[in-house]
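Each remark here refers to the structure printed beneath this line.
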Amino acid sequence: MHCKHVQRKLDAYESDELAPQVRRLVDEHLRSCERCGQALRRLRKLKGVLEAAPGASLPAGFAERVVQKARRRRPAAAVSSHSTLNPLRWWQDNPAGIRVAAAASVAIGLAVGGLLGANTWSKAPQEKPSADPVSIYNLDYLGDAPSGSLAESYLALVSGRNGEDK
Amino acid sequence: MTRDPSDEELMLSAGRGDLDAFEQLVLRHQHSAWNAAYQFLGDAAEAEDIAQEAFLNILKSAPRYRPTASFRTYLYRVVTRLCLDRARKKHPAYTDEHDEMASRATSALDDLIKDERDRAVRAALDSLPPAQRMAAVLRYYEGLSYADIGEAMENTVKGVERLLARARTGLESNLRRFLEE
Numbered sequence: 099m100h101c102k103h104v105q106r107k108l109d110a111y112e113s114d115e116l117a118p119q120v121r122r123l124v125d126e127h128l129r130s131c132e133r134c135g136q137a138l139r140r141l142r143k144l145k146g147v148l149e150a151a152p153g154a155s156l157p158a159g160f161a162e163r164v165v166q167k168a169r170r171r172r173p174a175a176a177v178s179s180h181s182t183l184n185p186l187r188w189w190q191d192n193p194a195g196i197r198v199a200a201a202a203s204v205a206i207g208l209a210v211g212g213l214l215g216a217n218t219w220s221k222a223p224q225e226k227p228s229a230d231p232v233s234i235y236n237l238d239y240l241g242d243a244p245s246g247s248l249a250e251s252y253l254a255l256v257s258g259r260n261g262e263d264k
Numbered sequence: 004m005t006r007d008p009s010d011e012e013l014m015l016s017a018g019r020g021d022l023d024a025f026e027q028l029v030l031r032h033q034h035s036a037w038n039a040a041y042q043f044l045g046d047a048a049e050a051e052d053i054a055q056e057a058f059l060n061i062l063k064s065a066p067r068y069r070p071t072a073s074f075r076t077y078l079y080r081v082v083t084r085l086c087l088d089r090a091r092k093k094h095p096a097y098t099d100e101h102d103e104m105a106s107r108a109t110s111a112l113d114d115l116i117k118d119e120r121d122r123a124v125r126a127a128l129d130s131l132p133p134a135q136r137m138a139a140v141l142r143y144y145e146g147l148s149y150a151d152i153g154e155a156m157e158n159t160v161k162g163v164e165r166l167l168a169r170a171r172t173g174l175e176s177n178l179r180r181f182l183e184e
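Just so you know, the sequences run in chain order A and B. Here the working numbering runs 98 ahead of the position in the first sequence, where the first position is 1. Here the working numbering runs 3 ahead of the position in the second sequence, where the first position is 1.
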């Protein structure tokens, strides 16, 4: 194992966090490498210096202040969480009885809706009375138009026979 | 005799709106959250802001909480995110100015060696880039394992190893005087 790799592992070696085979390699290396031995002693000193530095103490009443803020924010959060319906969340939050009732209501709704829909679609489409545009618009006088004339084409267009043979 | 609910059970209750459960969580973990923020920022008022925000964020996301990691690691993750975010928004603390502060601190009055050393440690921590500083705080002040630091910092164990190796190099160079004594 290279010194650079060993020195990177020394911290975890000290706290016994290395896998057994890696620890064995580091042990072997430390037995023969003075430089890494020194690095281990330096690491121990560094940890000693860091840990000796005093931390400040937690300000009094910290927890009370956090909970107070939480209580002030809670009503708004509760309103907003109720205003947007999350079906999954609703399902998880409600007891089994309510879930069964809701599932039954949805099933009945779907069944009734399906029956009504099927009834509607099964009715035969009613035929619309066809109106003859020639008589509606008094275009009878164009009936004698010669074949291939503009008047004949117009008559075919308004009577819905465009493109059909006479 | 009833056993105390676990952190994860309290968190699930908090997610259903039980603020007493949330209060218990705060009481259990307030030192960890506040101390990690304080050691990172070096300022008690800012640490209080961050630690409060961390707990309130946790309460807000409690309904979606799934106990995949320990609550403590989850809390450190939230604190870490807030601290790193704060460090990004502020001017970077790790400038040469702090190296200067460290050397000024280390050359102060001899009869105040302890005080001088404490200030030097603070300056040495401040001289580190935020991610290295956070890794060092979680490791040497909060006692987290490499795996837990990885969870808290959303990094791999190898990544944490590299961060901590660089952090130690920076700290050693700023605290050389105290390491040679």
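Backbone N, C-alpha and C fix where the C-beta goes; we use that ideal spot for every residue, glycine too.
query: Contact residues within the segment 106-121 of chain A, judged by C-beta distance below 8 Å to chain B; result: Arg106, Lys107, Asp109, Ala110, Ser113 and Glu115
query: Interface flag, Ala154 of chain A vs chain B, CB-CB below 8 Å; result: yes
query: Simplified DSSP assignment, three categories, for Tyr144 of chain B; result: coil
query: Chain-ordered neighbours of Asn140 of chain A on chain B, where CB pairs are closer than 7 Å; result: The question names Asn, but residue 140 of chain A in the sequence shown is Arg. Neighbours of Arg140 of chain A on chain B, chain order: Glu175 and Leu182.
query: 7 Å Cβ shell around Leu85 of chain B - same chain, five flanking residues per side excluded; result: Ile53, Glu56 and Ala57
query: Where the alpha helix (DSSP H) through Cys131 of chain A begins and ends; result: No alpha helix (DSSP H) holds Cys131 of chain A; DSSP gives it neither H nor E.
query: Whole-angstrom distance between Ala48 of chain B and Tyr41 of chain B, CA atom to CA atom; result: 9 Å
query: Inter-residue spacing [alpha-carbon to alpha-carbon] between Val104 of chain A and Ala134 of chain B; result: 23 Å
query: Beta-carbon gap between Ala138 of chain B and Leu174 of chain B smaller than 8 Å; result: no
query: Closer than 8 Å to chain A by CB, Tyr143 of chain B; result: yes
query: Rounded separation between Val165 of chain A and Ala205 of chain A - CA only; result: 44 Å
query: Lys117 of chain B - DSSP class collapsed to helix/strand/coil; result: helix
query: DSSP three-state assignment for Thr5 of chain B, whether helix, strand or coil; result: coil
query: Close beta carbons around Pro66 of chain B, own chain, < 8 Å, minus the five adjacent residues each side; result: Gly18 and Arg19
query: Listed by chain order, chain A residues near Asp121 of chain B by CB distance under 7 Å; result: Ala151 and Pro152
query: Closest Cα partner of Val256 of chain A within the set A:Ile196, A:Thr218 and A:Asn236; result: A:Asn236
query: Complete runs of the beta strand (DSSP E) confined to the segment 14-40 of chain B [at least 3 residues]; result: none
query: Neighbour flag for Val104 of chain A against chain B, beta carbons, 8 Å; result: no
query: Closer than 7 Å at the beta carbon, the chain A residues around Gln135 of chain B; result: Near Gln135 of chain B there are no residues of chain A at all, since even the closest Cβ is about 13 Å away, more than 7 Å.
query: Residues, ordered as in the chain, of the segment 146-158 of chain B that lie near chain A by beta-carbon distance below 9 Å; result: Gly146, Ser148, Tyr149 and Ala150
query: Below-8 Å beta-carbon distance, Arg172 of chain A vs any chain B residue; result: yes
query: Within chain A, partners of Val82 of chain B - CB distance below 7 Å; result: Neighbours of Val82 of chain B on chain A: none; closest Cβ ~13 Å, over 7 Å.
query: Rounded separation between Lys92 of chain B and Thr83 of chain B - CA only; result: 14 Å
query: Where Val117 of chain B falls, given that 16 or more other Cβ within 10 Å makes a residue buried; result: Note that residue 117 of chain B corresponds to Lys in the displayed sequence, not to Val. The residue in question, Lys117 of chain B, is exposed, as its Cβ has fewer than 16 Cβ neighbours within 10 Å.
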